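Last residue of the sequence shown: 483 in the numbering used here, with the numbers rising by one and none dropped.
Glycine included, C-beta positions come from ideal geometry on N, C-alpha and C.
These numbers were taken from a predicted model, which means no experiment stands behind them.
This report concerns only the one structure given below.
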Amino acid sequence: MKKLFRSICFLIMFFLPATSFGIGFEFSLGGWYQQPSGTLSFDKTTKADDLDLENDLGYDDKWQPTGRLKIDMPLWVPNLYLMYTHMKWSETGNKDIDFSFGGVDFNANVDFDSELKMNHLDAALYYGIPALNTATLGVLNVDLGLNFRLVDFRAEIEQKDINAKESESYFLPLPMLYLGAQIEPLDWIALDLEGRGIAYSSNHWVSLIARLKVSPFGPLFVAGGYRYDNIKIDYQDVDVDTDFEGPFAEVGFNF
């Protein structure tokens with residue numbers, strides 16, 4: 229707790245001088261209650277090789293950490309938005325038919341351990357639509373820009389009873405479009421809407437966020453909302469066809 233308090237004090241001391249140059253900061257930490265669904269396969273040859281995240285792999289809904297940092301720059305310098313999302317599961321599963329994962333055969337009705345990691349970092353450069361905020365008396369702002377998502381991916385299946393194991397890991401860079409909107413009817417409450425997405429060939433990744441922020445006093449705010457990710461990525465013979473969605477909560481500071 230003391231380390232957290234010192235870290236918050238350091239961030240406040242770091243950000244405050246920059247505000248005198250017209251630079252704004254928004255920093256928050258929170259958690260996203262991720263509800264996984266869909267399938268995962270590696271070098272799939274038949275439909276039996278599709279592994280259902282819930283029924284076969286045994287992945288449950290759970291809270292996972294997130295963090296955000298927005299830097300509003302002055303004049304014509306693009307604004308910066310950084311966001312980290314932790315997505316990792318490690319469970320024991322079972323499938324009632326034989327299947328293959330990465331060319332390795334696994335037996336039916338025998339427990340296996342699995343891991344799926346899809347941690348990712350977003351970095352967006354964006355501009356607000358000129359004069360819109362002024363024209364709406366500070367109520368509405370719309371941002372447009374480019375987002376770069378770096379995905380740290382790993383998938384592994386191990387069936388110890390038959391000494392079978394296979395895994396695949398990679399870093400995947402994804403350029404995406406970024407669209408954001410902020411609706412602030414009062415100084416102490418605001419609604420944020422965010423969209424990030426890419427589509428190419430038969431692949432896509434779309435992330436949608438709705439966030440309600442309340443500022444009880446000073447720069448402090450608390451927020452809650454909902455996030456939905458729809459993913460269809462086939463890379464290095466690993467096919468991920470999944471949805472992740474659920475509520476989230478945050479606490480942060482806005483300077």
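From Met404, Leu360, Leu378, Thr294, residue whose alpha carbon lies closest to that of glycine 452 | Thr294
Isoleucine 411, DSSP secondary structure in three states = Isoleucine 411: strand per DSSP, three-state reduction.
Give the straight-line distance between the Cα atoms of asparagine 482 and histidine 432, rounded to the nearest whole angstrom.
-> 33 Å
Considering only C-alpha positions, which residue in the set Lys345, Arg424, Asn322 is nearest to phenylalanine 334?
-> Asn322
Backbone CA spacing between tyrosine 309 and arginine 439 [nearest angstrom] | Distance between the alpha carbons of tyrosine 309 and arginine 439 is about 15 Å.
Kindly confirm or deny that the region 386-393 and the region 413-421 touch, where touching means at least three C-beta pairs closer than 8 Å.
-> no
Where asparagine 361 falls: helix, strand or coil (DSSP) = helix
Are the CB atoms of asparagine 375 and arginine 296 nearer to each other than 8 Å?
-> With respect to the 8 Å criterion, asparagine 375 and arginine 296 are not classified as neighbours on the basis of their beta carbons.
Looking at C-alpha atoms only, which residue of Ser342, Trp304, Thr313, Asp324 is the closest neighbour of glycine 286?
-> Ser342
Compute the Euclidean distance between the alpha carbons of methionine 301 and aspartate 277, then round it to the nearest angstrom.
-> 49 Å
Per DSSP, cross-strand counterpart(s) of asparagine 482 | DSSP output for asparagine 482 lists Glu254 as bridge partner(s).
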